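To keep things clear, I will list the structure first and then write my remarks on it.
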Ligand code: ZN
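Take a look at the structure:
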């Protein structure tokens with residue numbers, strides 16, 4: 280079995296909304312895409328686990344994805360207090376999972392040694408930074424709680440940046456990029472050894488982050504060349520991911536895989552392999568990984584949960600991918616990147632930019 284370290288899932292959000300005890304659900308398994316039994320069955324040793332605040336009363340209507348073309352307007356901005364409550368709850372669940380010995384939060388590069396039989400290695404990721412103030416108040420607390428990755432924005436505007444709508448026929452050039460507060464946020468996150476994620480940001484925001492000198496990372500996005508949708512990346516963006524020493528993680532969400540942008544599950548694994556081949560060609564073979572979007576998006580036929588991950592490995596083999604490339608995509612590339620990016624254990628703690 281090839282071990283898999285995944286670039287993105289929404290298991291903490293799903294667990295936070297469940298009626299049952301989240302620790303028992305994760306330990307024993309149940310509905311959903313990621314839990315310990317499914318991870319063990321599919322070889323998933325860890326990944327980026329997102330903290331996410333949905334917009335109240337404006338849920339994403341997935342039926343729209345059945346009838347492309349579509350252009351779903353971005354929801355209203357989310358006030359800080361409305362974002363902070365779900366995020367705090369999801370942080371608590373991550374802590375409870377760790378206390379129960381089911382996961383281990385990766386805080387430093389020394390923590391990056393995933394063990395297929397041990398606790399899952401979890402990089403805590405903030406998907407949309409609404410719970411952080413424009414003056415960055417709130418970042419300290421999250422960092423201390425174990426946060427090591429953040430996307431300034433989800434597909435919803437905030438004080439830091441503009442996110443892309445879910446839109447077919449678009450390359451993500453849908454509006455402005457980082458604000459001044461957004462530039463300060465990404466600089467500060469980078470200085471602390473955190474990952475800055477571009478997956479939901481506009482094309483302008485992506486190039487703004489490049490201008491700040493950060494490695495370009497899109498934890499869960501695919502190739503516009505195969506599926507032209509605003510959440511995917513153009514060839515120029517994929518090349519920049521490789522050139523800056525960044526990473527792109529393949530999103531399994533059917534509407535980002537399929538050329539027609541539909542959420543239909545048919546043929547998804549085949550499209551997944553086509554995206555991977557193209558992403559490797561553009562970004563380079565050390566800069567492509569997986570970013571499933573488990574528990575956050577509709578999954579393709581044959582890849583319905585973490586338990587089925589080895590089916591994707593098999594499909595890569597059938598498409599002629601070599602074993603080194605497969606291991607790179609599944610785990611080694613994310614590991615290599617994170618070992619360069621996360622703070623070293625003995626590194627002095629940084630607070631505000633430039634000061635020790
Ligand atoms: Zn996402």
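Residue numbers (the working numbering): 280 to 635.
Note that beta-carbon positions come from the ideal geometry of N, C-alpha and C, so glycine has one too.
This one's a predicted model, so the numbers in the text were calculated from it and none came from an experiment.
For residue i, name the three-state secondary structure that DSSP assigns.
{"i": "residue 344", "result": "helix"}
{"i": "residue 497", "result": "strand"}
{"i": "residue 584", "result": "coil"}
{"i": "residue 350", "result": "strand"}
{"i": "residue 462", "result": "helix"}
{"i": "residue 515", "result": "helix"}
{"i": "residue 426", "result": "strand"}
{"i": "residue 442", "result": "strand"}
{"i": "residue 432", "result": "coil"}
{"i": "residue 411", "result": "coil"}
{"i": "residue 383", "result": "strand"}
{"i": "residue 625", "result": "coil"}
{"i": "residue 307", "result": "helix"}
{"i": "residue 297", "result": "coil"}
{"i": "residue 467", "result": "helix"}
{"i": "residue 484", "result": "helix"}
{"i": "residue 457", "result": "coil"}
Go through its chain and collect everything with a Cβ distance to residue i's Cβ below 7 Å, but skip five positions before and after it.
{"i": "residue 318", "result": "399, 585"}
{"i": "residue 496", "result": "474, 475, 476, 477, 525, 526"}
{"i": "residue 291", "result": "328, 329, 330, 369, 372, 373"}
{"i": "residue 519", "result": "489, 495"}
{"i": "residue 325", "result": "284, 393, 399, 400, 401"}
{"i": "residue 552", "result": "594, 595, 598"}
Using DSSP bridges, identify the partner residues of residue i.
{"i": "residue 508", "result": "447"}
{"i": "residue 328", "result": "288, 403"}
{"i": "residue 502", "result": "512"}
{"i": "residue 313", "result": "In the DSSP output, where bridge partners are listed per residue, residue 313 has none listed."}
{"i": "residue 319", "result": "BP columns for residue 319 are empty, so no partner."}
{"i": "residue 390", "result": "None; residue 390 has no bridge partner."}
{"i": "residue 619", "result": "According to DSSP, residue 619 bridges with nothing at all."}
{"i": "residue 283", "result": "323"}
{"i": "residue 608", "result": "DSSP output for residue 608 lists no bridge partner at all."}
{"i": "residue 476", "result": "496"}
Just to confirm my understanding: we take residue i, look at its own chain, exclude 5 residues before and 5 after, and list those with CB closer than 6 Å. What are they?
{"i": "residue 301", "result": "294, 372"}
{"i": "residue 521", "result": "562, 563, 566"}
{"i": "residue 484", "result": "440, 456, 457"}
{"i": "residue 449", "result": "509"}
{"i": "residue 445", "result": "351"}
{"i": "residue 433", "result": "406, 407, 442, 479"}
I'd like to know if residue i contacts chain D, where contact means its C-beta is closer than 8 Å to some C-beta of that chain.
{"i": "residue 555", "result": "Absence of chain D from the displayed structure is noted, only one protein chain being present."}
Spatial neighbours of residue i within its chain, please: C-beta separation below 8 Å, excluding the five flanking residues on both sides.
{"i": "residue 281", "result": "322, 589, 592, 605, 606, 609, 610"}
| query | Which runs of the alpha helix (DSSP H), 4 residues or longer, sit entirely within the region 518 to 603? | reply | 533 to 536, 547 to 562, 588 to 597
| Taking one C-beta from the region 454 to 474 and one from the region 418 to 428 each time, how about it: are there three or more such pairs within less than 8 Å? | Verdict: yes, contact present.
| field | Touch test, the region 356 to 375 against the region 312 to 332, Cβ-Cβ under 8 Å, three pairs minimum | value | yes
| Any contact of the region 528 to 536 with the region 508 to 516, i.e. 3+ C-beta pairs under 8 Å? | yes
| query | Any chance the region 563 to 572 sits against the region 523 to 531, with 3 or more Cβ pairs inside 8 Å? | reply | With the cut-off at 8 Å, the region 563 to 572 and the region 523 to 531 touch.
| message | Assess contact between the region 453 to 464 and the region 405 to 416, defined as three or more Cβ pairs (one per stretch) separated by less than 8 Å. Is contact present? | response | yes
| Counting pairs of beta carbons, one from the region 342 to 350 and one from the region 303 to 320, are three or more of them closer than 8 Å? | no
| Is there contact here, the region 435 to 452 with the region 390 to 397, by at least three beta-carbon pairs under 8 Å? | no
| At least 3 beta-carbon pairs within less than 8 Å: the region 605 to 613 vs the region 353 to 366 | Inter-segment contact for the region 605 to 613 and the region 353 to 366 is absent: fewer than three beta-carbon pairs are separated by less than 8 Å.
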